[in-house]
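**Student:** Please find one structure pasted underneath; my questions will follow.
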Amino acid sequence: MPLVDIKLIEGVFSEEEIKKLIKDVTDVVVSFMGEDLRSYTLVVVQEVKSGSWGVGGQAIGLEEVRAIQAGTSKKP
């Protein structure tokens, strides 16, 4: 059975956006594996506490993600 595990920084996406993500990811998996596996496809979304996520050796949080989304972050 397909299992997709998605980790996100807490607060980046709304509940509605997470629901859409789950639906859309399921649709992609089914497009590859066949419609019969839809009811067996598991998508788990885990939110990680802001600041408990590291990229390139640096902890980042919600503020940094918002800057990336806005295109205003300073890239290393």
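If you read the sequence shown in full-length UniProt numbering, its first letter stands for residue 1, the second for the next number, and so on.
Here a beta-carbon is modelled for each residue, glycine too, at the ideal position from N, C-alpha and C.
On a predicted model such as this, the values are computed, not experimentally measured, just so you know.
With DSSP as the reference, identify every bridge partner of residue 7, one or two as the case may be.
**Tutor:** Beta-bridge pairing links residue 7 to 46.
**Student:** Run through the DSSP bridge pairs and tell me what residue 58 is partnered with.
**Tutor:** DSSP, once it has assigned bridges, lists 55 as partnering residue 58.
**Student:** Starting from residue 100, trace the alpha helix (DSSP H) in both directions and tell me its first and last residue.
**Tutor:** The question about residue 100 has no answer, for the chain in this structure spans 1 to 76.
**Student:** Three or more C-beta pairs under 8 Å: does that hold for the region 4–13 against the region 42–60?
**Tutor:** Output reads yes: the region 42–60 touches the region 4–13.
**Student:** To the nearest angstrom, how far is the alpha carbon of residue 29 from that of residue 64?
**Tutor:** Answer to the nearest angstrom: the Cα atoms are 30 Å apart.
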